[in-house]
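573 is the number of the first residue of the sequence shown in our numbering; add one for each residue after it.
Okay, structure first, notes after.
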Amino acid sequence: MELKESAIIEYSAKRLFPDLSRDQVLAQLLLERAQKNLIKYQSMARQFEKSMGRILPLSAGKFYNPNLHL
């Protein structure tokens with residue numbers, strides 16, 4: 573069964589990326605996944621900053637939030 577799955581993956585890779593080697597295809601797919609994750613995490617960070625206010629690092633373990641008035 574593993575051989576069949578490997579052949580399907582190989583066929584799909586050649587169809588989607590005809591000029592790339594198997595390693596290049598894997599690298600391309602990993603890069604695309606990383607870019608999608610980066611966009612997702614940047615969006616989450618913006619949402620957090622919008623709801624909580626920007627938290628600025630002062631020094632090790634200490635943070636300043638300009639929206640909090642102590």
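In this text, a Cβ means the ideal position worked out from N, Cα and C, and glycines have one as well.
Just so it is clear, the structure is predicted and the values come from calculations on it, not from any experiment.
Own chain, CB closer than 8 Å to residue i, minus 5 neighbours either side, in chain order
i: Leu592; result: Ala585, Gln600
Nearest residue (CA-CA) to residue i, options the options
i: Asp595; options: Glu574, Lys608, Ile581; result: Ile581
Alpha-carbon to alpha-carbon, residue j and residue i
i: Glu577; j: Val597; result: 16 Å
i: Ala617; j: Leu575; result: 42 Å
i: Pro590; j: Arg605; result: 20 Å
i: Glu621; j: Arg587; result: 42 Å
i: Gln607; j: Ser615; result: 12 Å
Residue range of the unbroken alpha helix (DSSP H) whose run includes residue i
i: Phe620; result: 594 to 624
Contacting residues, own chain, Cβ-Cβ under 6 Å from residue i (five flanking each side not counted)
i: Lys612; result: none
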